[in-house]
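Sequence positions in the sequence shown follow mature numbering (1 follows the signal peptide of the UniProt record, and there is no 0) and run -21 to -1, 1 to 73.
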Amino acid sequence: MRWLLGILGLVSGWTTLAASADVQQSTYHVTVASPGSTTVSGDQINPGPLSGVLPQMNELQQWILCGFALLITCLVGLLIKLWWNRHQQIKEQS
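Right, here's the structure in full:
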């Protein structure tokens, strides 16, 4: 019976701690612009090549992502070519 009272005491103490948590509120400023519109500073918004797929990225970020994808594709192709040449060499030796 004492262990039950102890557990109830811990649970009630924990719920008061959880109920007294400090919560801060924040305010966000969100600007929504349609394609082809201008920003608040007057700059023209350029959607970039992947605007339909990645609308949250600007044009520069999309081009950098495309560059990384191209670089990774080239490296994977090079690794496959090296593996294939080594595979053929081992096949010829046996």
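We put the beta carbon where it would ideally sit given N, CA and C, even for glycine.
Keep in mind it's a predicted model, so treat the numbers as computed, not measured.
Would you kindly work out how many angstroms separate the C-alpha atoms of residue i and residue j, rounded to a whole number?
i	j	result
residue 51	residue 59	12 Å
residue 45	residue 6	34 Å
residue 48	residue 65	26 Å
residue 71	residue 42	43 Å
residue 28	residue 35	12 Å
Assuming residue i is part of the alpha helix (DSSP H), what are its boundary residues?
i	result
residue 64	38 to 72
Classify residue i: buried if its beta carbon has 16 or more other beta carbons within 10 angstroms, exposed otherwise.
i	result
residue 4	exposed
residue 68	exposed
residue 40	exposed
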